[in-house]
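If you read the protein sequences in the order shown, they are chains P and Y.
Mapping of the first sequence onto the working numbering: residues 628 to 1481, in sequence order.
Mapping of the second sequence onto the working numbering: residues 226 to 459, in sequence order.
Worksheet: the structure to be examined is printed underneath.
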Amino acid sequence: MNDYTQKQPLQFNWLLKMAWRDSRKNRSRLFLFISSIIVGIAALVAIYSFGDNLKRDIDNQAATLIGADLSVSDNRPFSKETLHLIDSLKGLDARYSEENSFASMILFKKNQGTRLVQIRALSGDFPYYGELETTPAGAATEFRKGKSALVDKTLMLQFNAQPGDSIQVGNLTFQIAGILNKAPGQTGFASTVAPAVFIPLQYVSATGLLQKGSRINYTVYYKFPKDVDVNAMVKKLDPKFEKQELNYDTIQTRKENTGKSFSDLTDFLALVGFIALLLGCIGVASSVHIYMREKLTTVAVLRCMGVSSRQAFLIYLIQILGIGFIGSVTGALLGTIIQQILPVVLKDFLPVEISSAISWLAVGQGILLGMLISVLFALLPLLSVRKISPLNTLRLLGEEKGGWKDWARWLVFLLIALFVIGFATLQLDGWIQTLAFAAGLFIAFAVLYAIAMLLVWMVRRFFPTSWSYLWRQGLSNLYRPNNQTAILLVSIGLGTAFISLLFFVQSMLIGRVTMAAGKNQPNMILFDIQSSQKAAIASLTRSEGLPVIQEVPVITMRLQSINDQTAADIKKDKKTTLSVKPFGREFRVTFRDTLGDTEKLSAGKWMGSVAGPRDTARISVEQKYAESNHWHVGDRLMFNVQGLMVPTVIGSLRTVEWNRVQTNFLVIFPKGVLEDAPQFHVLVTRVQDNRQSAAFQQKIVQQFPNVSVIDLALILNVLDEILDKIGFVIRFMAAFSILTGLVVLIASVMISKYQRMQESVLLRTLGASRKQVFAITALEYVFLGALSALTGILLALAGGWALARFSFDTPFRPALSVIGFIFLSITALTVLIGLLNSRGVLNRPPLEVLRKEV
Amino acid sequence: MASILKVSNLSKTYQSAGRSLTVLDDINFDIEEGSTAAIVGPSGSGKTTLLGLCAGLDRASAGEVALNSIVLNTLSEDQRATVRNRYVGFIFQNFQLLPTLTALENVMVPLELHGEKNVKQRSLELLDKVGLADRGHHYPTQLSGGEQQRISLARAFSNSPRILFADEPTGNLDAETGAKVEKLLFELNRDAGTTLVLVTHDLELAAKTQRVIRLKGGKIISDEAASKSIHTQL
């Protein structure tokens, strides 16, 4: 038997040599293909490195997150049993600090500015790890010695206050000892929502703010001697903590919880980075496809000379591997540079100082991932090499048709799907989320691709034949052979969709709050009003010319049992559908005899009052809350109203419109039950402007210092700030996607340069001026950019509408100015990059260009 | 003399727009080892298709091609590639040099693929024979058409093929350069003792071979000694 029937030896060394030789004149082009994945790899390496450093920094700095070895807290004054437990811990030679924290108004004496803040009244030397960073530095110790306070730096800036100024907290005036720059575990984000003011604990009762019904958190911080094994001790005490319904935190639990939250954050960021990488990979596949088409004759000649299909395939696979390695290393390098920026981008969310050491693990992961994914996606076009007939040397046949019947192609698709699912599994918990991510990704790509194709089809179908030649030529370039229109529309479109959707959601949220602040709508809520202050505050409100829109009593209580089952019973009962969650919360309920205009009965019968003093109260529960806890009409709930057991039956369920500035409640009691229970009151009013609001708040703080005020304008400001911070992070991540799109654009312009040159030369030979050729090129990018932006905006509009309809329950009115701005920016950027990269073709004489490039 | 190429009842049919198109119909001939032959005929007569089938670049619809007694029809594409590497050399009308390889590397490829030693030395000798020893490090785009075809000749002879297929070897060259290449082709062929099968429109070139096979409409209309064939044509 002749040995030509045996498989040829691969001759690996020769394949390497050929791959090297063949790449010699194409290296810059090959690098362009792979440049599409550089941005994605950079994003992932940056995020992985950041995650690694964050994990290490959280481990190293966990003690400063909590500031002590153990913290024990309760939102009720400590009971006798709790105090006993707490004292037993103090007995272990421990140092300890106590803290009462609560929301309250403060008044800056100098300029009469008022603001709702988080008061932290502190005794002892807390923090034991880390420090209260203040200006001047000594203020952290000084404020504990007298009637002094530390005030958060954002507040100091907002009210233009200086150390030495005074603030009023409740009935007392404190001198500002210093500016609070940083407290253990506190993020910039937290200080936006509730800026902190530290005061000494010894003065807290004199402020008059610790009244019944006020929402106060009582905490004790411990620092134990070194020989105490805190974790073992806490494990032993856990049943006692649970019995007393106390919350506790140790360095270990804080480390785990913080680590978990931030690993969720880095996982989320990694998925966003991965999308940019996938976009880049599609760019790679698209570029390699064009590259292989150009290699058709070369492969055919090699085949004539006896190169087997396997060898031909391997020559190009080696090239992709090599260039994939270079691209991945470049991406990893870029990623380690970007990693220096991430802590700055995310600083407001981070409780620890982030170091920026190079994570070699992340670099390794990035390089491996880059090579794997570039090969996987390049395989699709590379497979066609095996099918190139040597007959192409005699006459050009093109690529073999019927690629869809090729099993290897399907195998590659399967490998890509497995790879995407595998990657998502590493970042997400559980199969459902993983599959949802993979399916979501596929659908998003499919929808974008479909929109892109539809737009191109419409261009062809409704081609404006009456337009001038230049316009027609520019437009028809979108569907020329070897065009990259689809991939560009998808990648730039996806980035545009991210950014547009973000703007839509931001304006929707702001819009909702602004709408709530509309004419004649309530926009200010006063709470923590004691019964004795109720009439006086209502009178002050009216004397200021403000309406008293609502006056509502609020009673705090806890759930004792459901259908005679306590939390402990439910925990033990494996068959029950009831949840223990409601037992952990403090219910704030009201009583009245009518439903409000934001409420609608959905089941049962509304009972406005009890028939007699011995009757069981028939309460009304908000429908969604009842459903989520599997409560039904007729269920018996026993409430503990500050020590007194009050039996009730669910008489009705009702829906509630929560998005209105007024008091709404999960549970409403009928009249005749809670009138004598300890309670505080809420008053809802409407101020006309900021000046009136400030004047009214000043009077309230001065006359009723325990009363807190929520001003809708403040909520709007806070919301704006929060959305800005989140928005910045999302825009930063979306930038990777846009950037990938632009790199794909640059690559595709460069790759199709030769084809463009031939056309340009032909056009100029036929008499077209340089200006006309320039116009055709510019118009092509105008169309490309415009269609990409349009594709993204359409997707974002659909997403925005769905969010408005199903999630925010609000009409969707996207701002035309925002749409116009995004559309024009993306189009302009595309045109600019397209033209910059084509200038070589446009500016030089055709012959010179041809000689140089061919 | 033994036959190096035997074509029996060879047909090639293509499917085009739902219709079958017969390009070659029942072709039969033998080529003796060491001989020279030309396949001539008007455009569309099936010359190039026949060359492709004889060289194992394509598979016949019916009949068989035996090259060096190896029946090509039964072999896979990769097996045919091995046969080409061992026994076949090619010269193309448009030279088909690999644009990313230097002239020397182009000549080296068949030898390297064959796993031979002293590849560079042998290739340099071949370049010397075609008069381009000093152009070995030039890329094809840096060479003229005639030079490219001479490199192509060196490459074709580099693996000492038993049979050389040439498709319009002078078709893209001016008369003077074409004549030089022709001369070189026949000299190299004579020195190496290779069988030469060429496809051409050029009757003068065909006349330089020992035998002319004339095709028309996919059929052989004559198969005779070159001088007689040309005489008939004239």
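Even for Gly, the Cβ is constructed at its ideal location relative to N, Cα and C.
The structure displayed is predicted, hence computed values, not measured ones.
Item: Tell me which residue opens and which closes the beta strand (DSSP E) that Y:G443 is part of.; Value: First-last for Y:G443: undefined, no H or E at that position.
Item: CA-CA distance, P:V979 and P:N687?; Value: 9 Å
Item: Looking at C-beta atoms only, is the number of pairs between the region 281-300 of chain Y and the region 333-340 of chain Y that lie closer than 8 Å three or more?; Value: no
Item: Could you give the C-beta distance for P:I945 and P:A646, rounded to a whole number, given that I count them as a contact under 8 Å?; Value: 4 Å
Item: For the putative contact between P:L892 and P:V824, defined by C-beta atoms under 8 Å, what is the C-beta separation to the nearest angstrom?; Value: 29 Å between Cβ atoms; not a contact.
Item: Would you mind listing the alpha helix (DSSP H) stretches within the region 1194-1281 of chain P that are 4+ residues and don't spill past its ends, in chain order?; Value: 1194-1199, 1208-1211 and 1250-1255
Item: Is it right to say P:V1481 is buried, meaning 16 or more other beta carbons lie within 10 angstroms of its own, or is it exposed?; Value: Because P:V1481 sits at a pLDDT of 40, beneath the cut-off of 50, its placement in the model cannot be relied upon, and the point is left open.
Item: For P:G1354 and chain Y, any beta-carbon pair shorter than 7 Å?; Value: no
Item: Compare the C-beta of Y:P386 with all C-beta atoms of chain P and state if any pair is closer than 7 Å.; Value: no
Item: Entirely within the region 1308-1353 of chain P and at least 4 residues each: give me those alpha helix (DSSP H) ranges in chain order.; Value: 1317-1330
Item: Which first and last residues belong to the alpha helix (DSSP H) in which P:V972 is found?; Value: L969 to V972
Item: Round the Cβ separation of P:Y943 and P:L1009 to the nearest angstrom and send it over; I've been treating them as touching at under 8 Å.; Value: 6 Å
Item: Give me the residue from Y:R311, Y:L440 and Y:E350 with the minimum Cα distance to Y:I376.; Value: Y:E350
Item: Taking Y:V265 as the reference, which of Y:I438, Y:G442, Y:I446 and Y:E449 has the closest Cα?; Value: Y:I438
Item: Which residues of the region 365-392 of chain Y have a Cβ closer than 7 Å to any Cβ of chain P? Give them in chain order.; Value: T366 and D392
Item: When the Cα atoms are used, what is the spatial distance from Y:R309 to P:G933?; Value: 5 Å
Item: Taking Cβ positions, are P:F590 and P:S914 nearer each other than 7 Å?; Value: Absent from the structure is residue 590 of chain P, since the part of chain P shown begins at 628 and ends at 1481.
Item: The alpha helix (DSSP H) with P:F1004 in it runs from where to where?; Value: W987 to L1009
Item: Pull out every residue of the region 329-354 of chain Y whose Cβ sits closer than 7 Å to any Cβ of chain P, in chain order.; Value: E330, V334, P335, E337, L338 and G340
Item: Can P:E708 be considered in contact with the ligand ADP, in the sense that its beta carbon sits closer than 6 Å to one or more heavy atoms?; Value: Ligands in the displayed structure: none, and consequently the ligand ADP is not present.
Item: At 3 residues or longer, what runs of the beta strand (DSSP E) sit wholly inside the region 638-716 of chain P?; Value: 697-701
Item: Quick one: complete alpha helix (DSSP H) runs, 4+ long, within the region 930-969 of chain P?; Value: 936-965
Item: Compare the beta carbon distance of P:Y849 and P:A748 with 7 Å and say whether it is the shorter of the two.; Value: no
Item: Run through the DSSP bridge pairs and tell me what Y:A291 is partnered with.; Value: Y:K231 and Y:V296
Item: Use the C-beta contact count for P:G1278: other C-beta atoms within 10 angstroms, 16 or more gives buried, fewer gives exposed.; Value: buried
Item: Report the residues of the region 284-311 of chain Y with a CB closer than 8 Å to any CB of chain P, ordered along the chain.; Value: I295, L300, E302, D303, Q304, A306, T307, V308, R309, N310 and R311
Item: Terminal residues of the continuous alpha helix (DSSP H) containing P:Y918?; Value: I878 to E921
Item: List, in order along the chain, the chain P residues whose C-beta lies closer than 7 Å to that of Y:L326?; Value: R648
Item: Find the residues of chain P that neighbour Y:G277, judging by a C-beta separation of less than 7 Å, and give them in chain order.; Value: L1018 and L1021
Item: Could you give the distance in angstroms between the alpha-carbon of P:G907 and the alpha-carbon of P:S1364?; Value: 9 Å
Item: Measure the Cβ-Cβ separation of P:G1120 and P:L1075 and say whether it is below 7 Å.; Value: yes
Item: Going straight from the alpha carbon of P:M628 to that of Y:L378, what length do you get?; Value: Confidence at P:M628 is low in this model, with a pLDDT of 43, below 50, so its placement is unreliable and no value can be given for it.
Item: Using a threshold of 7 Å, state whether the C-beta atoms of P:K737 and P:D684 are closer than that.; Value: no
Item: Taking 7 Å as the CB-CB limit, is Y:Q321 close to chain P?; Value: yes
Item: Give the single residue among P:I1164, P:V1216, P:L799 and P:K882 whose Cα lies nearest to the Cα of P:T691.; Value: P:K882
Item: Specify the secondary structure class of P:L1102 as computed by DSSP and reduced to three states.; Value: helix
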